Ligand SMILES: [Zn+2]
Ligand SMILES: [Zn+2]
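Protein chains in written order, with the numbering used here: chain Z, 1 to 86; chain L, 87 to 521.
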């Protein structure tokens with residue numbers, strides 16, 4: 001049991017109900033679907049280049065992932081650096 | 087169970103190109119179906135409509151008059167890319183644009199913006215109704231290019247097609263003929279809906295008539311591109327995991343090294359399809375279900391043939407209203423997403439993830455071809471506020487890939503969720519009560 005004596009278990013009902021509601025809603029309405037162009041387009045890429053430089057250390061965090069992890073959220077745009085496009 | 091008295095809020099729509107999240111893999115369901123009551127489980131586990139792969143036969147010359155007898159009563163032979171003369175039953179192929187225009191070649195040498203003639207800007211004053219003088223009997227025949235590209239003379243039955251690329255952008259460069267026949271589309275739509283009956287809106291089930299599906303040619307821009315992208319941000323690598331405290335106060339802590347991460351990738355894309363009707367390109371799932379039609383992409387666009395209105399005989403069509411400049415932001419958006427997907431594998435050592443903070447794109451060259459793509463569309467209008475919602479079930483006219491939006495009976499779905507939630511809650515109460 002965790003530190004709250006297992007009271008978190010009481011969330012099981014509401015969480016289960018909400019989770020099932022949304023899962024079934026999406027199954028019927030498919031609002032989360034779109035063309036997966038990132039993987040279904042014929043892309044030919046040259047080898048990826050780049051650099052990795054250690055800049056800091058994190059000590060004693062309880063988070064399991066980096067804050068703002070977006071490595072798989074390809075469609076979440078971040079600050080755009082404008083360059084000359086021909 | 088007090089939090090579920092009303093439906094949970096709809097997740098917000100987030101910006102252009104919605105659904106903004108990378109879609110879940112096909113066939114995935116966030117909850118293990120085995121844990122659900124048998125009727126729901128059975129519905130979820132029933133097989134999906136199968137998409138088939140098509141490969142076109144070799145295609146040669148195509149004319150709008152029958153090359154053998156000169157008749158104009160020409161149709162596409164169902165299920166193939168052949169044209170057939172209804173007068174003398176002669177059959178023949180049209181020319182593939184891939185070879186004709188050299189598409190798919192020289193992607194790595196693309197420079198600037200290359201626009202095929204049918205992808206030119208649409209003239210603002212272009213009329214949608216075009217009139218032809220029948221050479222057979224002299225009567226006037228009109229074709230409304232908003233929704234059709236062919237018409238028949240009522241008097242002598244000559245068939246007219248808009249085959250000239252009038253400079254109004256209404257006529258595409260190429261067309262990808264239907265392969266999936268209507269019977270097949272009806273069967274796929276029926277199968278799709280059969281898997282979603284339990285919580286479907288009662289009126290929808292009562293009025294469900296997949297035979298009313300219509301074949302529509304929808305306008306797309308098929309884009310090739312050469313680009314470079316840079317992304318930068320921070321990544322973390324786990325160095326130590328430890329726990330402090332004991333018993334109920336035990337907590338897990340992590341140490342990590344933080345890296346500045348930079349990535350660069352040069353790439354080309356071949357045949358990226360973009361909706362070139364602004365209405366179809368609007369994927370705001372809060373107001374429409376166009377994302378359903380978007381989901382059945384891609385098409386085997388390599389098999390598209392040179393524009394020939396005879397392929398459109400018997401089908402409906404929609405007109406393009408977006409040009410290259412209107413679509414450029416969406417193209418750049420998608421190129422950035424593709425670049426981000428490309429660099430993902432190079433960040434695998436960052437086991438605590440990467441936070442990209444900046445991204446940049448250089449588009450070196452693009453090539454745009456305007457194309458009609460074949461879609462079977464079944465639609466159902468759900469009445470409601472703000473004009474209700476038009477639900478589509480769409481079948482890719484080439485691969486058979488099927489996707490749809492089935493309106494739900496809200497109270498039934500809530501009841502099922504509450505019931506399953508109550509069972510879980512009872513179990514939870516028993517466990518908590520016993521400790
Ligand atoms: Zn003939
Ligand atoms: Zn006539």
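Ideal placement from N, C-alpha and C gives every residue a C-beta, glycine not left out. The structure displayed is predicted, hence computed values, not measured ones.
| Asked | Found |
| --- | --- |
| Proximal chain Z residues relative to residue 406 of chain L, where beta-carbon distance stays under 8 Å | In chain order: nothing, as chain Z lies at least about 18 Å away. |
| Residue from L:491, L:484, L:508 and L:511 whose Cα sits closest to the Cα of residue 164 of chain L | L:484 |
| Top-ranked residue by Cα proximity to residue 187 of chain L, from L:242, L:453, L:313 and L:336 | L:453 |
| Residue 449 of chain L to residue 314 of chain L span [Cα, whole Å] | 7 Å |
| Proximity test, Cβ basis, 8 Å: residue 442 of chain L and chain Z | yes |
| Neighbourhood of residue 219 of chain L by C-beta, 7 Å cutoff - its chain only, sequence neighbours within 5 removed | 226 |
| Proximal residues of chain Z, C-beta to C-beta of residue 109 of chain L below 7 Å | 32, 33, 34 and 36 |
| Chain Z within 8 Å of residue 133 of chain L, Cβ atoms only | no |
| Rounded straight-line distance, which links the Cα of residue 232 of chain L to that of residue 365 of chain L | 13 Å |
| Contacts that residue 230 of chain L makes with chain Z (C-beta to C-beta distance below 9 Å) | By Cβ distance, chain Z contributes nothing, its closest Cβ being about 29 Å from residue 230 of chain L, past 9 Å. |
| Alpha helix (DSSP H) runs contained entirely in the segment 243-299 of chain L, provided each spans 4 or more residues | 268-280 and 288-293 |
| Nearest candidate by alpha-carbon position, reference residue 29 of chain Z, set L:517, L:202 and L:494 | L:494 |
| Residue-chain proximity (residue 115 of chain L, chain Z), Cβ-Cβ < 8 Å | yes |
| Inter-residue spacing [alpha-carbon to alpha-carbon] between residue 326 of chain L and residue 341 of chain L | 5 Å |
| From L:427, L:311 and L:287, residue whose alpha carbon lies closest to that of residue 201 of chain L | L:311 |
| 8 Å Cβ cut-off: residues of chain Z touching residue 381 of chain L | 30, 33, 34 and 35 |
| Min CB distance residue 351 of chain L to chain Z below 8 Å | yes |
| Sheet register partners of residue 217 of chain L (DSSP bridge) | L:228 |
| Beta-bridge partners of residue 177 of chain L, as assigned by DSSP | L:170 |
| Endpoints, the beta strand (DSSP E) within which residue 353 of chain L is located | 337-361 |
| Rounded distance between the beta-carbons of residue 390 of chain L and residue 182 of chain L, thought under 8 Å | 7 Å |
| Segment limits, beta strand (DSSP E) that includes residue 479 of chain L | 475-482 |
| Residue 288 of chain L: contacting residues in chain Z (beta-carbon distance under 7 Å) | In chain order: nothing, as chain Z lies at least about 14 Å away. |
| Residue 260 of chain L and residue 392 of chain L closer than 8 Å at C-beta | yes |
| Short CB-CB distance (under 8 Å) between residue 227 of chain L and chain Z | no |
| Opposing strand residues paired with residue 320 of chain L [DSSP bridges] | L:346 and L:441 |
| Any chain Z beta carbon closer than 8 Å to residue 397 of chain L | no |
| Sub-8 Å separation of residue 351 of chain L and residue 440 of chain L beta-carbons | no |
| Beta carbon of residue 451 of chain L nearer than 8 Å to that of residue 198 of chain L | yes |
| One or two residues paired with residue 237 of chain L in a DSSP bridge | L:246 |
| Proximity below 8 Å, CB of residue 490 of chain L to CB of residue 278 of chain L | yes |
| Span of the alpha helix (DSSP H) around residue 60 of chain Z | Note, residue 60 of chain Z: premise wrong, no alpha helix (DSSP H); beta strand (DSSP E) at 49-61. |
| 8 Å Cβ cut-off: residues of chain Z touching residue 424 of chain L | 37, 38, 41, 43 and 74 |
| CA-to-CA distance, residue 223 of chain L to residue 143 of chain L, given in whole angstroms | Below a pLDDT of 50, predicted positions are generally treated as unreliable, and residue 143 of chain L, at 31, falls in that range; no measurement from the model is reported. |
| Residue 177 of chain L to residue 131 of chain L span [Cα, whole Å] | 43 Å |
| Interface flag, residue 428 of chain L vs chain Z, CB-CB below 8 Å | yes |
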